[in-house]
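Trainee:
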Amino acid sequence: MNVTGQKKMTENDRCTNVDKYVGEIKGGLRPTMKITIMGVICSTPKSFSVTLLCDPIDGHASKDIGLSLIVSFTEKSVVRNSRIAGKWGKEERTIPYFPFTPEDSFKMELFCEHQQIRVLLDGRQLCSFSHRVQPVQRVTALQISGDLKLTKVA
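Here the sequence shown is numbered in this note's numbering, starting from 684 and rising by one per residue.
What follows is the structure in structure tokens.
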């Protein structure tokens with residue numbers, strides 16, 4: 684598959700409820716880091732999520748989430764939030780446009796800056812999210828799940 688093209692999915696490529704992708708962020712998230720996610724939206728999507736997870740504590744999963752980004756096709760929204768000490772913060776929903784289309788490919792880039800994470804989609808600014816988890820290096824894993832087919836994560 685040409686990941687930069689707008690390839691339409693075939694019947695054999697259909698996907699729903701993709702298993703979770705989990706990848707380590709070696710050394711933790713740091714300013715100047717970029718995470719690139721490329722994929723194709725399923726033909727009848729409901730949602731997908733991109734989550735930045737914090738470090739495990741004593742071998743158990745942390746209750747902290749640096750960024751939970753949920754793309755909802757039913758609401759045409761991109762909801763951002765964080766969870767600290769097991770409690771969710773205030774949701775952020777403002778976006779200039781809803782850029783996702785079923786069966787289209789996309790390139791999402793998460794740029795970690797000193798004060799925030801900027802989210803670009805196909806080279807255009809979509810939103811940003813101020814760091815709530817401190818220090819940001821506590822974010823050590825990336826999780827992606829939902830109605831999409833991943834073609835590249837880097």
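All residues carry an ideal CB built from backbone N, CA and C; glycine is no exception.
Using only alpha-carbon positions, find the residue among Lys-709, Gly-829, Pro-728 that is nearest to Asp-702.
Mentor: Ranking the options by Cα distance to Asp-702, first place goes to Gly-829.
Trainee: Please look up how many angstroms separate the CB atoms of Ser-755 and Arg-763, rounded, as I've assumed it's under 8 Å.
Mentor: The Cβ separation is near 12 Å, so there is no contact.
Trainee: Can you tell me where the beta strand (DSSP E) with Phe-812 in it begins and where it stops?
Mentor: That run of the beta strand (DSSP E) goes 807-813.
Trainee: Expressed to the nearest angstrom, what Euclidean distance is found between the alpha-carbon atoms of Val-726 and His-814?
Mentor: According to the sequence displayed, residue 726 carries Ser and not Val. Their Cα atoms are separated by approximately 33 Å.
Trainee: When we look at the beta-carbon of Ala-824 and count the other beta-carbons within 10 Å, is it buried (16 or more) or exposed?
Mentor: Classification for Ala-824: buried.
Trainee: In angstroms with no decimal places, state the Cα-to-Cα distance between Ser-732 and Glu-796.
Mentor: Rounded to whole angstroms, Ser-732 to Glu-796 spans 21 Å at the Cα level.
Trainee: Can you tell which of Met-716, Ile-753, Thr-719 has its C-alpha closest to the C-alpha of Lys-729?
Mentor: Nearest C-alpha to Lys-729: Ile-753.
Trainee: Strictly by DSSP, which residues pair up with Ile-748?
Mentor: In DSSP, Ile-748 forms a bridge with Leu-736, Arg-766.
Trainee: Per DSSP, what kind of secondary structure is Arg-776 in: helix, strand or coil?
Mentor: Coil at Arg-776, not helix or strand.
Trainee: If distances are taken between C-alpha atoms only, which option among Thr-834, Gly-722, Thr-777 comes closest to Gln-808?
Mentor: Nearest of Thr-834, Gly-722, Thr-777 to Gln-808, Cα basis: Thr-777.
Trainee: May I ask which residues mark the beginning and end of the beta strand (DSSP E) holding Glu-786?
Mentor: Glu-786 -> no beta strand (DSSP E), and no H or E assigned at all.
Trainee: Tell me which same chain residues have a C-beta within less than 6 Å of the C-beta of Arg-821, skipping the five on either side of it?
Mentor: Within the same chain, Arg-821 has close Cβ partners Cys-737, Asp-738.
Trainee: For Val-802, which of helix, strand or coil comes out of DSSP?
Mentor: Of the three classes helix, strand and coil, the one that applies to Val-802 here is strand, per DSSP.
Trainee: Between which two residues does the beta strand (DSSP E) harbouring Ala-824 extend?
Mentor: Element bounds for Ala-824: 822-829.
Trainee: Of the residues Val-819, Tyr-704, Ala-837, Phe-789, which one's Cα is nearest the Cα of Ser-660?
Mentor: Outside the displayed span of the chain (684 to 837) sits residue 660, for which this structure offers no information.
Trainee: In chain order, what residues of the same chain lie with their CB nearer than 6 Å to the CB of Ile-664, ignoring the 5 residues before and after it?
Mentor: Because the chain is modelled from 684 through 837, residue 664 falls outside the range shown and cannot be assessed.
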